[in-house]
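Below is one structure, written out as structure tokens, with a few remarks after it.
Protein chains: 2
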Amino acid sequence: MNETVLSKPLPLSAFHITDAFWRREMELVRNEVIPYQWEALNDRIPGAAPSWWMHNMRAAARRNAAKRAGKPWIPSAVAKELRFEPLPEVGQAPDPDAFYGFVFQDSDGYKWLEAVSYQLIRQPDPALKATAQEAVDAICAAQEDDGYLDTYYTLGLRERAFTNLRDHHELYCLGHLCEAAVAWHQATGQDDLLNAAIRFADCCAEKLGREPGKERGYPGHEIAEMALIRLWEETGEDRFLKQAEYFIDERGQKPFYFDIEDHARRGEALEGDGTGSAYHQANAPVRDQTEAQGHAVRAMYLYSGMADAARITGDPSLKDACEHLWHSAVEEKRYVTGGVGATHIGEAFSRPFDLPSDTAYSETCAAIGLAFFARRMLQLEPKSNYADVMEEALYNTVLSGMALDGKSFFYVNPLSCEPEACKTDARLGHVKPVRQKWFGCACCPPNIARIVSSLPQYAFTSSEDTLFVHLYVAGEMELTLNGKPLKLKIESSMPWNGEVSLSVAQGKAEGTIAVRIPGWSRDAKVSAVTLRNILTPGTPELAADEKKETEKDGYVYLTGTWEKGDRIEMFFDMPVRMLAADPRVRETAGQVCFMRGPVTYCTEAVDNQAPLHLWRVDPAALADKLDEIPVRDMEIGGVLVKSLEIPAYRVLQENGEGLYHDWHPRKEIPGTLTLIPYFVWDNRGETEMQVWQRCR
Amino acid sequence: MNETVLSKPLPLSAFHITDAFWRREMELVRNEVIPYQWEALNDRIPGAAPSWWMHNMRAAARRNAAKRAGKPWIPSAVAKELRFEPLPEVGQAPDPDAFYGFVFQDSDGYKWLEAVSYQLIRQPDPALKATAQEAVDAICAAQEDDGYLDTYYTLGLRERAFTNLRDHHELYCLGHLCEAAVAWHQATGQDDLLNAAIRFADCCAEKLGREPGKERGYPGHEIAEMALIRLWEETGEDRFLKQAEYFIDERGQKPFYFDIEDHARRGEALEGDGTGSAYHQANAPVRDQTEAQGHAVRAMYLYSGMADAARITGDPSLKDACEHLWHSAVEEKRYVTGGVGATHIGEAFSRPFDLPSDTAYSETCAAIGLAFFARRMLQLEPKSNYADVMEEALYNTVLSGMALDGKSFFYVNPLSCEPEACKTDARLGHVKPVRQKWFGCACCPPNIARIVSSLPQYAFTSSEDTLFVHLYVAGEMELTLNGKPLKLKIESSMPWNGEVSLSVAQGKAEGTIAVRIPGWSRDAKVSAVTLRNILTPGTPELAADEKKETEKDGYVYLTGTWEKGDRIEMFFDMPVRMLAADPRVRETAGQVCFMRGPVTYCTEAVDNQAPLHLWRVDPAALADKLDEIPVRDMEIGGVLVKSLEIPAYRVLQENGEGLYHDWHPRKEIPGTLTLIPYFVWDNRGETEMQVWQRCR
């Protein structure tokens, strides 16, 4: 494998963000989301469902203290195997020693801590650090002496730990703990949480593996794969890489572990055919999987871990599997908003090309997972298609998940929404027409917090001799090329404008800067002005073979000596694009949608007369005039975005024709549809929304 | 109220069917469905879910005998309140004394018996009658000494009878028992089943009503309303009419009875706001209901009873309510196949204009209920719109419910069906891509049997001086007009051809024959040739005022003296119609469907290249050329139907464009879509189907 292309995310400490767009999001996370979530983790939000996170941690700490003191500890009555989300009876005070919440509740705090760590790297804050330390201390105190750390079992039937990996999320919690611990270590240099993660990872490894006396188990909800690789990267301890590889390689082997486990629990006959394991991506060895299936978040997390492992081990069969799964997820099962997981049944992928708009699931966490997967595919092989999809997911569904004031969240991100229908129709019961304050199952809000807080790691990766610029995020960067330090400055006003520059502010180094040509740009211009020569790929000044070297898979590779004053100027034109879906997508046949740059647009009834489906556009007339479409500044929720004004027609309601009548051309009047970025929908009150516009 | 227009169905004994189309269906029911269902009721179908009907009846008879003999009878262990569809554990022999099946299982046999009775009226058959007598005897033996007749409670906790009218179907079973008893009485002149019905009706009336000491209950699943009215008509006993009126008038009054009942059972606080009662059409007094809501079959049965009561009592407020509910169900919530009840959630009406094709519920029984309602609205006021909808329901969804060989049945009738999707997608779990042999909940097959067997009662109704011809069913009819007997002969080859004649074969009488102008006919011609004069409505021979008299609400009224040799000739042109839905129907925007006469058409992948949604028609080009569309004979499952050949275009799949790409006109090739009648779909193996054709 060509080592040059394998890259790692830029350390967060090496980037100072100045980007207007993403800096706002990061500040929102810092100033709104993180403090709010801390209150939520401590059950101090009036009217919101309790998180029980701190409650569980504190109870587990008391349990550990009692055990050390040799005092008896009787598991609470609510500690029953297979119980999911136990809650106190209405009107009852909670049992202070009982576990409450989902079985994976521990992970909510870990995600929060990971986001806080990223924010602390970006900008130290003693008060925030002190708060986070409180969480870290609570976690460490909740850890049992043998390293076990999952309050669901610690407060319950501990002897049943590791007996239901399929449904109970011990290894999922391990994964999030590792992610948090690495981030906390990088933010503070402290070992406390890192040691907790190492001890829990070792505790798990004692039970699970191929060695005699161990069970051949693996996670029911993946994430430990990529998280253990991070732990390996941070600690250099090879056993964590081996553990990750074991989880990946063992998955889906016969006999199916989840069936064995199920059999042991229930004493029933073994199914043995893996039925039901597709939900967990465990119905076949991962190298034999070609279709993205099952729970979308789990799938994305698994594939991310596989891509990490493929990069590190150089295993071509694993890389092949990642490419097949990428194709399936992205080219057959992805919404135009970068969302994945079309069906609420199992929060899962549906069949290829089944992408319904109104019943869409498109969970925020799944889009986040798609960004994880894409970034890792980029690290494995820099192809701009991966970055295009990552960008699409980030700018659309990930951001749609959070209100512009950072105070409410979508779990489900539909592509069309009629509020009344969502409220009265159980078939749409999973779709909320307005963002919610906090979920009982609060996976999405802290997940948004951690990806937004670590955004530069998605924008930039680097190898020994190459900096890859995947996303144009403005800021100041420190890096080394071939061991020599450089300071770079990136200027950009993405996603609203395609003019970007990258200049060397300090240092001198030889090497390559590879910049991505976005897939949405039709006429990209990249030119490098150095102190010695002008590199302009594709212009007659360069010989044909030089050009070949400088552009590959959507990246322009600029190689040379870089020093202060050197500059790369880029102009990515950002036309309004009118897109159609593959005709195999039944749902959107005869419909188009609009994008500009990476931003997907939608209509809202607050700007356009409802019902929105009575509007149509004429794509044949529009196709040649897309550059005439007005792109206007619009303020939504205090944020300036670009709106589009699309010529359209509105069908007039004719009464008295009956429900069914002889076809005739509809009476319609010309008008203008105002489109806004999808990620800002539902920030002006409850209203109808649709991404796809009808053509007839 | 004008008594002339109020009409009653023609007695079945007065009509001898010769109609090629409907006679085939009746013979199918007689020769296939009825014998098969008898085997099913007796649990003698290998591989099919048992019905338990005869099992339950026989067990109840033993229980009654034991009680009479003073022997103890201990309810079986499976007799538990609120248990729904108890079944023996796998591998266990059923308890001979236990109740099995749904709580409404008794009604399956009643429906069967009703169908058998209609067939016996049409054509005596001692063997069939003997079989039916076995069923009648079993029912009578199952009746308790106090008249109570519901094996679910007789075999279980009898003391809890009448305590859960909402969910347990005692009054539903009463209704079907009355319907069967009246039919059996008409077929055989025997009182046995009629007495059982009378005794059970009286037993119910002792418990329920407004009198002191009674509960103000009414049916959770309606039908008793119209059934008791039939019992009144057959017996002349006014108490049954009063009982029906009570059920109608009490429904939805505050405090809500189902809440009171629920409270009494569970001991919990009373909701009191009727929440949840909309499913049962009990959230408001029936005269205040304007929107068709809740379980579609229940709604249709209630509205049918309301229309009966409105006709008999002359209550204008009840007639108003019926008209509002008709409008809502038919003009806002009806599929173009005559199906109603769009959502599988609660087998219910969805909101207005929500008529999805693939997830449609459109239960066969609901279309049957729509025909019931329509016939009763016709009896109340002869307007051809009622007959148009009745005809549409009968020729499309009702018949779609049964395979052409009478051996398998649809419960759900989707308007588009991708078999693979139905099998793998839980969101479509209710849609079966092929008809099923017999359902555990077997309401639809015997319901089809009873409506098909009594079809002439939907075609013809009469008052003292008027015969109303709603549907053109060929046959020989005996009737009296103003007390004088007439024999008529009707010739028709509906639904394939619009030439119809009605001639007087014998007798002489004065009066009116009112014939319906079908809504689908664009250029209807009706002329009457009598021995004395020629009545041709609308021709210059008739004075303007005479014409006015002769046509009203879609019926041509021909009044005079009728005697042998008189003849009415009708020609209803039957153009291929290309229909669009009201634009408020989001699902079918930009789509058209095709009908010819009352028959709705669809495409199947067995005739047209799949996937069907890649085909489009050009409505603007077709609109003026509909009369050029070839209408061809086609044999499907041994039955000759008419197919349509529609010019269309098939989109070509272009590879390598990506899931989303810049819009461009699709490459497509011209071709021809073969359409077949919807009611014959899925008779040539599992295949994709769609009713609505795309325009782009």
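The listed protein sequences correspond, in order, to chains U and R.
FYI, this note's numbering numbers position 185 of the first sequence as 185, with every residue one higher than the one before it.
So the mapping is simple: this note's numbering equals the position in the second sequence, first residue as 1, plus 1000.
Backbone N, C-alpha and C define an ideal beta-carbon position, used for all residues, glycine too.
CB-CB length for residue i against residue j, believed under 8 Å
i, j, result
"U:V429", "U:P495", "Looking at the sequence shown, residue 429 of chain U is not Val but Gly. Between U:P495 and U:G429 the Cβ distance is about 33 Å, and since that is not below 8 Å, they are no contact."
"U:W692", "U:L415", "7 Å"
"R:V1585", "R:F1349", "That belief does not hold up - the Cβ atoms of R:V1585 and R:F1349 are roughly 14 Å apart, past 8 Å."
"R:I1676", "R:D1607", "7 Å"
"R:R1516", "R:G1554", "6 Å"
"U:A387", "U:L471", "7 Å"
"U:E363", "U:A296", "6 Å"
"U:G175", "U:A224", "4 Å"
"R:V1556", "R:V1529", "Not confirmed; about 14 Å, so no contact."
"U:Y303", "U:L318", "In fact, because the Cβ distance is near 10 Å, the residues do not count as touching under 8 Å."
"R:T1512", "R:L1479", "Between R:L1479 and R:T1512 the Cβ distance is about 12 Å, and since that is not below 8 Å, they are no contact."
Beta carbon proximity, residue i to chain U, threshold 8 Å
i, result
"R:C1422", "no"
"R:L1579", "yes"
"R:A1374", "no"
"R:V1005", "no"
"R:R1298", "no"
Listed by chain order, chain U residues near residue i by CB distance under 9 Å
i, result
"R:S1317", "Within chain U, no residue comes near R:S1317; the closest Cβ sits about 26 Å away, beyond 9 Å."
Helix, strand or coil at residue i [DSSP, three-state]
i, result
"R:H1295", "strand"
"R:I1312", "helix"
"R:F1349", "coil"
"U:I260", "helix"
"U:G252", "coil"
"U:M574", "coil"
"R:Y1152", "helix"
"U:E604", "strand"
"U:P611", "coil"
"R:V1585", "coil"
"U:M54", "helix"
"R:F1410", "coil"
"U:V286", "helix"
"U:G217", "coil"
Chain R residues whose Cβ lies nearer than 8 Å to that of residue i
i, result
"U:G658", "E1331 and D1582"
"U:R586", "P1611 and H1613"
"U:D425", "T1343, I1345, S1350, R1351 and D1354"
"U:D687", "Correcting the residue type first, residue 687 of chain U is Thr in the shown sequence and not Asp. Within chain R, no residue comes near U:T687; the closest Cβ sits about 16 Å away, beyond 8 Å."
CB contact below 8 Å: residue i versus chain R
i, result
"U:I669", "no"
"U:T337", "no"
"U:C695", "yes"
"U:R567", "no"
"U:A589", "yes"
"U:T359", "yes"
Residue i: contacting residues in chain U (beta-carbon distance under 7 Å)
i, result
"R:W1663", "M578, L579, A580, V592, P619 and A623"
Check: residue i C-beta below 7 Å from any heavy atom of the ligand COA
i, result
"U:P285", "Within the structure as shown, the ligand COA is missing, as the structure has no ligands at all."
Cross-chain neighbours of residue i in chain R, by beta carbon under 7 Å
i, result
"U:R334", "L1659"
"U:V651", "P1583"
Cross-chain neighbours of residue i in chain R, by beta carbon under 9 Å
i, result
"U:R666", "A1580 and P1583"
Report the start-end ranges of each beta strand (DSSP E) in the segment 79 to 142 of chain U that is 3 residues or longer and not cut off at the edges.
Segments of the beta strand (DSSP E) lying fully in the segment 79 to 142 of chain U: there are none.
Restricting to runs no shorter than 3 residues, where is the beta strand (DSSP E) found entirely within the segment 633 to 696 of chain U?
The DSSP assignment places complete beta strand (DSSP E) segments of no fewer than 3 residues inside the segment 633 to 696 of chain U at 639 to 651, 660 to 662 and 668 to 677, in order along the chain.
As an exercise, report each continuous beta strand (DSSP E) stretch of at least 3 residues that is fully enclosed by the segment 368 to 402 of chain U, in chain order.
Secondary structure remark: continuous beta strand (DSSP E) runs of at least 3 residues inside the segment 368 to 402 of chain U: none found.
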